[in-house]
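Since the structure comes first, as structure tokens, the remarks are kept for the end.
Numbering (this note's numbering), first residue to last: 508 to 622.
Structure follows, in structure tokens:
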């Protein structure tokens, strides 16, 4: 049986990785195959990797400003459409103000903020 695959990255200029790494470690302990792309990954590169590996779940982390996050989420939505990616399950983790923006986009199946 093929294990489910999770792709994760901190996007934009965000270099904070502790939360997403903890999430991916937990997922691995439950039998998921995980790949962490790293910090400060451009949205276009993240979406290209989604297209290449076709993960069951893509995990996005961002902990900087809500205003910048809003633009990144818009770019994420546009890149997914541009590359013809539909039905990908996206989840998000970040600060409470950024999580509020993430929820409003309706891009993410689940949003986590540590609250």
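For every residue, glycine included, the Cβ atom is placed at its ideal position computed from N, Cα and C.
Beta-carbon spacing of residue i, residue j below 9 Å
i: residue 624; j: residue 521; result: This structure cannot settle anything about residue 624, because the visible part of the chain is limited to 508 through 622.
i: residue 603; j: residue 621; result: yes
i: residue 565; j: residue 600; result: no
i: residue 551; j: residue 584; result: no
i: residue 617; j: residue 598; result: yes
i: residue 546; j: residue 513; result: no
Extent of the continuous beta strand (DSSP E) to which residue i belongs
i: residue 517; result: 512-517
i: residue 540; result: 540-543
i: residue 617; result: 617-619
Supposed close pair residue i, residue j - CB separation, criterion 8 Å
i: residue 517; j: residue 548; result: 7 Å
i: residue 590; j: residue 554; result: 6 Å
Residue range of the alpha helix (DSSP H) that includes residue i
i: residue 560; result: 550-560
i: residue 611; result: 603-612
i: residue 527; result: 525-536
Item to check | In chain order, each beta strand (DSSP E) run of at least 3 residues that lies wholly inside the segment 566-600 | outcome: none
Checklist entry - Are there three or more Cβ pairs, one per stretch, closer than 8 Å when the segment 573-587 is compared with the segment 535-547? => result no
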